[in-house]
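All remarks here apply to the structure that follows.
Numbering (this note's numbering), first residue to last: -15 to 448.
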């Protein structure tokens, strides 16, 4: 049924008379409304941003055309009345305002579960999924993105558009192409096209589509048809992919673009704002060459840090040779995003929080190479030489650049399977406070007592 401006009524803002009305909706977006109307002079100050409004057709059977929130407003004075121009978007726009940063690390979570989890923050919501409820399969990171853009990007992995319903009084989302019961009534077919180039691009990405499934039909009708409304064209069932309602000579008309269900898709989107970025997190667990992290952007959120990130070690060979340095639980790490694909993400380096408050700053000299384990062993390569120490320096060895080797410890044992040769061009000094014993396993003994006595014993003694 066709209708004119006199049939249209606006709820939420008191107006005197409508002068123009345009409505637009397409798969993968919010519903949009543009109105021009006359209001009284004192009404403008009472209008607020995101104010709920509703446009409907009055009559015996009241029909809602648009529900949403006010996004833009402009006024023009005309004597005792003012003309306003307003723009509004469907309630799904409320998800497209605040940018957030967080991670979703459970790759076994399904698309439906992810959608429900995000929507749970918005109170009165509804969604209809027309997709196979499969696991997301990859790490999902929302970084400086609105919930709407984040969900659109994630669902584009499976080529499914995320669409906001504009005829509902709260947030309603269609995930995928929903099969609706209503059908387009009388219409006039204006144009038929087929985007072979897009079909070829989709096939190149791995999406199965035939050329005829990329067909589009443009129609005109006298009433507004909702998104995904069914329509029969030449015996083939098609669906409304986009709709544009407008006033022409005071009568409301609608242009709609129809597409095949298989051809209404969302081209894959990627987190380009993450490419080249490194996010910081804290190590929760280490296994092999992988780590599990809690990201700083997740704040106090816990219980979902399930993803194992590969860690970029200094050197690692397929045969197991090379260096093996893994971070420890509690260490701070950076996670790097080298490409637009989540499968390429990796943990690359630790972020030191060491301040050297309990002793000398081991990292004060930038030319010194320093290695210390969690249990306390350390190695220090400095301009003086190479220093090795056990826990709390109970045992240590210094190999100086001047050629001197110094060993310290509670007990030092030197064992050789064959022989030990000690050669010195000048002199060798052995010093002990309590005495020294040199013993051979065959029975020979040389003992230096603390009192200054020297005892030599053996089965045969030769003195020259």
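Yeah, the Cβ is synthetic: ideal placement off N, Cα and C, and Gly gets one too.
It should be emphasised that the depicted structure is a prediction, and the values quoted were computed from it without experimental measurement.
What first and last residue would you give for the alpha helix (DSSP H) that runs through residue i?
{"i": "residue 364", "result": "Here residue 364 belongs to no alpha helix (DSSP H); instead the beta strand (DSSP E) covers 362 to 365."}
{"i": "residue 186", "result": "180 to 189"}
{"i": "residue 137", "result": "131 to 139"}
Going straight from the alpha carbon of residue i to that of residue j, what length do you get?
{"i": "residue 377", "j": "residue 309", "result": "22 Å"}
{"i": "residue 150", "j": "residue 65", "result": "30 Å"}
{"i": "residue 110", "j": "residue 163", "result": "16 Å"}
{"i": "residue 1", "j": "residue 57", "result": "16 Å"}
{"i": "residue 116", "j": "residue 144", "result": "10 Å"}
{"i": "residue 241", "j": "residue 200", "result": "6 Å"}
{"i": "residue 249", "j": "residue 176", "result": "18 Å"}
{"i": "residue 375", "j": "residue 268", "result": "25 Å"}
{"i": "residue 235", "j": "residue 21", "result": "16 Å"}
{"i": "residue 363", "j": "residue 423", "result": "34 Å"}
{"i": "residue 80", "j": "residue 128", "result": "12 Å"}
{"i": "residue 171", "j": "residue 97", "result": "39 Å"}
{"i": "residue 410", "j": "residue 416", "result": "20 Å"}
{"i": "residue 100", "j": "residue 94", "result": "10 Å"}
{"i": "residue 181", "j": "residue 209", "result": "28 Å"}
{"i": "residue 48", "j": "residue 152", "result": "8 Å"}
{"i": "residue 254", "j": "residue 326", "result": "9 Å"}
{"i": "residue 154", "j": "residue 359", "result": "58 Å"}
{"i": "residue 324", "j": "residue 260", "result": "9 Å"}
{"i": "residue 44", "j": "residue 122", "result": "52 Å"}
Which partner residues of residue i appear in the DSSP bridge assignment?
{"i": "residue 202", "result": "175 and 241"}
{"i": "residue 105", "result": "Residue 105 pairs with nothing; no bridge assigned."}
{"i": "residue 292", "result": "276"}
{"i": "residue 235", "result": "-12 and 232"}
{"i": "residue 51", "result": "38"}
{"i": "residue 1", "result": "22"}
{"i": "residue 216", "result": "221"}
{"i": "residue 56", "result": "71"}
{"i": "residue 119", "result": "94"}
{"i": "residue 88", "result": "124"}
{"i": "residue 433", "result": "419"}
{"i": "residue 334", "result": "317"}
{"i": "residue 157", "result": "111 and 148"}
{"i": "residue 6", "result": "18 and 230"}
{"i": "residue 167", "result": "214"}
If you count every other CB in all the chains shown that lies within 10 Å of the CB of residue i, and 16 or more means buried, which is it?
{"i": "residue 87", "result": "buried"}
{"i": "residue 218", "result": "exposed"}
{"i": "residue 285", "result": "exposed"}
{"i": "residue 125", "result": "buried"}
{"i": "residue 212", "result": "buried"}
{"i": "residue 429", "result": "exposed"}
{"i": "residue 400", "result": "exposed"}
{"i": "residue 203", "result": "buried"}
{"i": "residue 277", "result": "buried"}
{"i": "residue 137", "result": "buried"}
{"i": "residue 414", "result": "exposed"}
{"i": "residue 298", "result": "exposed"}
{"i": "residue 311", "result": "buried"}
{"i": "residue 166", "result": "exposed"}
{"i": "residue 89", "result": "buried"}
{"i": "residue 132", "result": "buried"}
{"i": "residue 159", "result": "buried"}
{"i": "residue 373", "result": "buried"}
Compute the beta-carbon to beta-carbon distance between residue i and residue j, rounded to the nearest angstrom, for a pair I have assumed lies under 8 Å.
{"i": "residue 71", "j": "residue 15", "result": "Contact doesn't hold; Cβ gap of about 12 Å is too wide."}
{"i": "residue 225", "j": "residue 11", "result": "5 Å"}
{"i": "residue 335", "j": "residue 318", "result": "6 Å"}
{"i": "residue 331", "j": "residue 275", "result": "5 Å"}
For the beta strand (DSSP E) holding residue i, just list the boundary residues, first then last.
{"i": "residue 68", "result": "65 to 74"}
{"i": "residue 439", "result": "438 to 441"}
{"i": "residue 379", "result": "379 to 384"}
{"i": "residue 310", "result": "From DSSP, residue 310 is part of no beta strand (DSSP E); its letter is neither H nor E."}
{"i": "residue 321", "result": "Taken as a continuous stretch (DSSP letters only), residue 321 belongs to no beta strand (DSSP E), as it is neither H nor E."}
{"i": "residue 149", "result": "Careful: residue 149 lies outside any beta strand (DSSP E) and carries neither H nor E."}
{"i": "residue 268", "result": "262 to 271"}
{"i": "residue 372", "result": "369 to 373"}
{"i": "residue 353", "result": "353 to 356"}
{"i": "residue 391", "result": "389 to 393"}
So is residue i in contact with chain C if we call contact Cβ pairs under 8 Å?
{"i": "residue 269", "result": "Of the protein chains in the structure, only one exists, and it is not chain C."}
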